[in-house]
Structures are given as C-alpha cells and as structure tokens.
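For reference, the structure discussed in these notes is given below.
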Amino acid sequence: MAEYDEEALREDANGSWQVWSLQMQKWKESVESVDIDRQAFALVPGSSKLFAAFNTTMSSVATYLHDGEEVFEGIARALLDSAIEYMEMEGYAEEEIARVEGEMAAL
Numbered sequence: 002m003a004e005y006d007e008e009a010l011r012e013d014a015n016g017s018w019q020v021w022s023l024q025m026q027k028w029k030e031s032v033e034s035v036d037i038d039r040q041a042f043a044l045v046p047g048s049s050k051l052f053a054a055f056n057t058t059m060s061s062v063a064t065y066l067h068d069g070e071e072v073f074e075g076i077a078r079a080l081l082d083s084a085i086e087y088m089e090m091e092g093y094a095e096e097e098i099a100r101v102e103g104e105m106a107a108l
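Start counting the sequence shown at 2; every next residue gets the next number (the numbering used here).
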C-alpha cells in the first residue's frame, strides 16, 4: 500500500485548494456586484446591443468563476477525504478523525 502523509493532504486541501476556492468566490461576488444600468450605455450608438453583450459577458465570467470555485472546493474535499480514509486505516483516534471531518464540513 502506498504511504500517505495525512498532514500533507490536509495542508494541500486547506492551504492551497480551499484558499483558491475562496478567492474565486470573492472574484465572483465582485463581478456580480457590478451595477451598471442601461442608462450608463445610453450615449453609445447601438447601446441596447452593447448593454446586452456586456451583461451576457459578465454573467459568463460569474459562471466561470463559480464553476472554478466548485472544482477547487471539490479537490480540497477529496484530499481531506483521503486523509480521513488514511487515518481510519492507520487507527487514528476518533477525535483526530473528527477534527479532519470538521475541516471538511467547514468547506
């Protein structure tokens, strides 16, 4: 059986993948908070088409960021799940396993 480093799995999940997941979530919130109304485009010829294109693009960016955030969170969850499985196989104490399960629940 391959050797696992439970601490390394947890550090990778919490210190890297989850950090990026939260960053993407913030970016998505920033994109969604952009509040430009139709009147802001009124001076531009063809403003209705430009406004529609702008909204479509912003929506696409928000969807992209949401999907990326979900992927990064999923990777973090998989790493923590692997750490839990390893800990169970190695007979770690229940409170130690519960601590990692709590980390996963916090994602």
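Quick reminder that beta carbons are idealized off the backbone N, C-alpha and C, glycines included.
Please read these numbers as outputs of a predicted model, since none were measured by experiment.
Close-in-space but distant-in-sequence residues of the same chain around residue i (CB under 7 Å, 5 per side omitted)
| i | result |
| --- | --- |
| Q26 | E70 |
| Y93 | none |
Classification of residue i by the beta-carbon crowding that lies within 10 angstroms, buried from 16 upward
| i | result |
| --- | --- |
| K50 | exposed |
| L81 | buried |
| A14 | buried |
Closest by C-alpha distance to residue i, when choosing among the options
| i | options | result |
| --- | --- | --- |
| E76 | E12, D6, E4 and Y5 | The sequence shown places Ile at residue 76, rather than the Glu named in the question. Of the listed residues, the one whose Cα sits closest to I76 is E12. |
| S31 | D38, S60 and E104 | S60 |
| D36 | E104, S83 and F55 | F55 |
| E4 | A107, A94, E86 and E96 | E86 |
Own chain, CB closer than 6 Å to residue i, minus 5 neighbours either side, in chain order
| i | result |
| --- | --- |
| W18 | F73, I76 and A77 |
| A63 | K29, V32 and E33 |
Residue i: first and last residue of the uninterrupted alpha helix (DSSP H) it sits in
| i | result |
| --- | --- |
| Q19 | Q19 to S34 |
| I98 | E95 to A106 |
| L66 | S48 to M90 |
| L10 | E7 to D13 |
Beta-carbon contacts of residue i that lie in its chain and below 8 Å, excluding the five residues immediately before and after
| i | result |
| --- | --- |
| S48 | R39 and F42 |
For residue j and residue i, believed in contact at Cβ under 8 Å, the rounded distance
| i | j | result |
| --- | --- | --- |
| E7 | M105 | That belief does not hold up - the Cβ atoms of E7 and M105 are roughly 13 Å apart, past 8 Å. |
| L66 | W21 | About 11 Å; that fails the 8 Å criterion. |
| A84 | L10 | 4 Å |
Contact with chain C by residue i, beta-carbon distance below 8 Å
| i | result |
| --- | --- |
| I37 | Reference to chain C is not applicable here, since this structure consists of a single protein chain. |
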